[in-house]
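Here the numbering used here is used: the first residue of the sequence shown is 44, the next is one more, and so on.
Ideal Cβ placement from N, Cα and C applies to all residues, glycine included.
Below is one structure, written out as C-alpha cells; the observations come after it.
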Amino acid sequence: MIARITRILLLVQLAVAVLLAMAVAHRWPQLSMASAALFGIDCILLLRAAIVANNFRVAARFAGASSPGESGLSKLLRMYLDELRATLVSSSWHMPFCRLGAAPEIFGHGVPVLLVHGYGCNSGYWQPMARAFRLAGISFHATDLEPVLGDIDGYLPQISRAVAVLCAAAGTTQVVIVAHSMGGLVARAWLRDNGWQQVAALITLGTPHQGTVLAQFGIGSNARQMCRIDDAADPACNPWLVRLNGSTDEKRERIVSLYSTYDNIVVPSTSGCLAGAHNVSFPCIGHVALASRVPVIACVIEHIRQVNQSMSIQEKPAS
C-alpha cells in the first residue's frame, strides 16, 4: 500500500511540475523548455524542503530545552540537509520502487535479523541497512506492515509469520529484531504477548518509547498509540502505551535503544530512552536518516555480532 501511495504522490508532484513549467513557458516564451522544466522541478523540491523544515520547526517548538540550537547553527543545518536527503531518497525511490524481497536473504550461519519499519513506511526504508548486512554476511528478512493506519496490535500476527519464515529459512530458533520508530513499539508489543523464546535481542532506532508530541498531528489508530505520555503516566492520555510500558518485562537488558539527541519526530528526544534497556545516543541525526547513517549502522552490526558471540559461547559444551 505504501508503495502505491508514494508512487501516486510522485505522479502528482510530476504533474504539478509539468503544469508549472508550461505556465512559465507560456508567460515567458523567451525561456528555453529546459529552464521552464527546471523551474517546475525546483518548485517541487522547495516544497519538499519546506515540509521537512517545518517538521524541524514544530519539533523545536515542543522540544524546549532539547532544541537543536544547543548543537550550533552549522550542525543543525547539516542535520537538516542530511534529513532532507534521506527523506527524498526514501520516499521518492526506496519505498515506491525498492521494497525488499518477499523471501529472506540468508548468509552464513549467524542469527538472522528481522527488519520492522515504522509509521508510514515499508520495507524499502531498510535499503541502506540491507546493503550493509549483505556486506557483513548477516541474514535478514523484512516485513511490510498493513494496514498502514491500523492498530499496532493488529500487526502482531504479521510479526509472528515473519519470525517463523525467517527461522525456517535460516535454520535457527531465534532472530534479532531491528526496528525503526513505531516498529520498535510493534516489536515490544509482540514480545509482551509472545515472550523472548524466539528473539535473542531487540534493537530499536528512534522509537518513541514514551510517545511523541508530534503524534497528535498524525492520522490512524497507530498514530494515537504513539501520543506522548506524561511523567505521571496518566492512562487517559495514551492507555495503550501506558499499558505497554507498565507490562512486566524481565528481559529489557536484551533491548538496545538507539536514539538521536535531537530527533525531529520523536519529541522530546528523551522518549527514545527505555528504562532497563541499553540506551545509545547519537548527536544530530534526523529521524528518517537514522537507519542510513554509517555510525548507526555500524552500531547495529556490532550489537548483532555481540549476540552471535554470546550465543556461540552458550552453545559450547562444558570442558
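**Report entry** Enclosing alpha helix (DSSP H) for Ala213 [first to last residue]
**Finding:** 199-213
Quiz prompt | Buried or exposed (CB count within 10 angstroms, at least 16 for buried), Thr250 | solution = buried
- Message: Suppose contacts are defined by Cβ-Cβ distances below 7 Å. Is Asn351 in contact with His330 by that definition?
- Response: no
Start and end of the alpha helix (DSSP H) containing His69? 45-70
- Out of curiosity, what's the CA-to-CA distance linking Leu53 and Ser135? Answer to the nearest angstrom: the Cα atoms are 7 Å apart.
Give me the residue from Val156, Thr247, Gln201, Asp125 with the minimum Cα distance to Gly214.
If we check each option's Cα against that of Gly214, Val156 comes out closest.
_Cα-Cα separation, Val343 to Val323_ = Within the model, the alpha-carbon separation for Val343 versus Val323 is close to 11 Å.
Quick check on DSSP: helix, strand or coil for His252? coil
### Message
Rounded to whole angstroms, what is the Cα-Cα separation between Gln253 and Leu228?
### Response
Roughly 10 Å separates the two Cα atoms.
ask   = Residue range of the alpha helix (DSSP H) that Thr130 falls in?
value = 116-132
Practice task
Just the C-alpha distance for Ser117 and Arg235, rounded to the nearest angstrom, thanks.
Solution key: Whole-angstrom Cα-Cα distance: 42 Å.
For this session: With DSSP as the reference, please indicate the residues paired to Ser182 in a beta bridge.
Result: Per DSSP, none; premise fails for Ser182.
Proximity to Lys294 [Cα-Cα], best of Ala80, Ala243, Ser264, Leu192: Ala243
* **Extent of the continuous beta strand (DSSP E) to which Val299 belongs** => Counting along the chain, the beta strand (DSSP E) containing Val299 begins and ends at 298-303.
- request: Give a yes or no on whether the C-beta atoms belonging to Ala106 and Gly83 are separated by under 7 Å.
  value: The answer is no: Cβ separation not under 7 Å.
### Query
For the putative contact between Ile246 and Val159, defined by C-beta atoms under 8 Å, what is the C-beta separation to the nearest angstrom?
Between Val159 and Ile246 the Cβ distance is about 10 Å, and since that is not below 8 Å, they are no contact.
Note to self: For Phe260 and Arg348, I'd like the C-alpha separation in whole angstroms.
What the structure shows: Here the alpha carbons of Arg348 and Phe260 stand approximately 38 Å from one another.
Closer than 7 Å by C-beta to Tyr198: which residues in its own chain qualify, once you throw out the five before and the five after it? Chain order, please. Leu188, Val229
query = Short check: CB of Val285 to CB of Arg271, under 7 Å?
reply = no
Under DSSP, the beta strand (DSSP E) around Phe260 begins and ends at which residues? First-last for Phe260: undefined, no H or E at that position.
request  = Tell me, to the nearest whole angstrom, how far the beta carbon of Val154 is from that of Val218; I am working on the premise that it is less than 8 Å.
outcome  = 7 Å
Could you tell me the alpha carbon to alpha carbon distance between Ser362 and Ser355, rounded to whole angstroms? Residue placement at Ser362 cannot be trusted, given a pLDDT of 43 that sits under 50; the coordinates are not used to answer.
Worksheet entry | For Glu148, three-class secondary structure by DSSP | Strand.
query: Just to confirm, are Leu248 and Leu317 a CB contact at a threshold of 7 Å?
result: no
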